[in-house]
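Read the structure below first, then the notes.
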Amino acid sequence: MANPRPIQRPVEDRLFHQRDAIKSGLQGAIVGGSAGFFLSAVQNSLAKRNVGAWGVFTRSGSTIGSLTTLTTVYCFSKDATANLREKEDSLNTCVGAFLGGATLGLRTGSVPRIFGFGAAFAVVMTVFDYSGGSLRGVRPEVEGMDEYERKEYLRKNRRRPIEETIADIGEGRGIYHPP
1217 MANPRPIQRP VEDRLFHQRD AIKSGLQGAI VGGSAGFFLS AVQNSLAKRN
1267 VGAWGVFTRS GSTIGSLTTL TTVYCFSKDA TANLREKEDS LNTCVGAFLG
1317 GATLGLRTGS VPRIFGFGAA FAVVMTVFDY SGGSLRGVRP EVEGMDEYER
1367 KEYLRKNRRR PIEETIADIG EGRGIYHPP
């Protein structure tokens, strides 16, 4: 007689390693500040009037500050949440993205917009993180292959013999068995 309540193996949790949230926040500030500076320079170069080289800081300098605070708050709160919960999952990204989006919404001064920006960033970043964190998709084939080798592997893996193809679709209509 089989055991009606079989012993189930415990789910193995991955070992969590603490992250330095302050270091992550500073790295986020550097990346966000650089991206903000680049976008501010683009805004300055596309201006209809000549505002000069310092227009990057004077005219559209708020872009630099906004992106710096956004990425700083996102990176810091994501790692701080992971450290407090001692788990590495999508909820950390959700909290970090909500707080980062809310800091971007602070410029508007409207509470609904603050929550809206936070919710929008949280949804987009959480879905991105939950689905694997890549825009290219997951490649389940052999790791370390370059694109050419991967395509050759797929072609060899999915080739069918001509006899099998002709047996499936039949001869005629310009399709004949080779001599």
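Just so we're aligned, residue 1217 is where the sequence shown starts under this note's numbering, counting upward by one. Where a beta carbon is used, it is the ideal one built from N, C-alpha and C, also for glycine. The model shown is predicted, which means the values in this text are computed figures rather than measured ones.
CB contact flag (residue i, residue j, <8 Å)
i, j, result
"residue 1398", "residue 1286", "Residue 1398 lies beyond the residue range present for the chain, which begins at 1217 and ends at 1395; the question has no answer from this structure."
"residue 1371", "residue 1298", "no"
"residue 1291", "residue 1249", "no"
"residue 1256", "residue 1280", "yes"
Separation of residue j from residue i, as counted between CA atoms
i, j, result
"residue 1374", "residue 1333", "46 Å"
"residue 1293", "residue 1273", "28 Å"
"residue 1380", "residue 1389", "17 Å"
"residue 1350", "residue 1340", "13 Å"
"residue 1300", "residue 1329", "28 Å"
"residue 1284", "residue 1231", "32 Å"
"residue 1252", "residue 1377", "56 Å"
"residue 1245", "residue 1288", "5 Å"
"residue 1383", "residue 1348", "41 Å"
"residue 1387", "residue 1393", "7 Å"
"residue 1365", "residue 1346", "29 Å"
"residue 1258", "residue 1369", "43 Å"
Local Cβ density within 10 Å of residue i, reported as buried at 16 or more and exposed below that
i, result
"residue 1314", "buried"
"residue 1338", "buried"
"residue 1385", "exposed"
"residue 1276", "buried"
Residue i at chain D interface by Cβ criterion, 8 Å
i, result
"residue 1276", "As a matter of chain content, chain D is missing from the structure shown, which is built from one protein chain."
Would you check if the region 1298-1307 and the region 1256-1269 touch, i.e. whether three or more CB-CB distances between them fall below 8 Å? Flag = no, the region 1256-1269 and the region 1298-1307 do not touch.
Which runs of the alpha helix (DSSP H) spanning at least 4 residues fall entirely within the region 1336-1378, listed in chain order? Runs of alpha helix (DSSP H) with 4 or more residues, each lying fully within the region 1336-1378, are found at 1363-1373, listed in chain order.
I'd like the ranges of any alpha helix (DSSP H) spanning at least 4 consecutive residues and lying wholly in the region 1222-1279. Within the region 1222-1279, the complete alpha helix (DSSP H) runs of at least 4 residues are 1237-1261 and 1271-1274.
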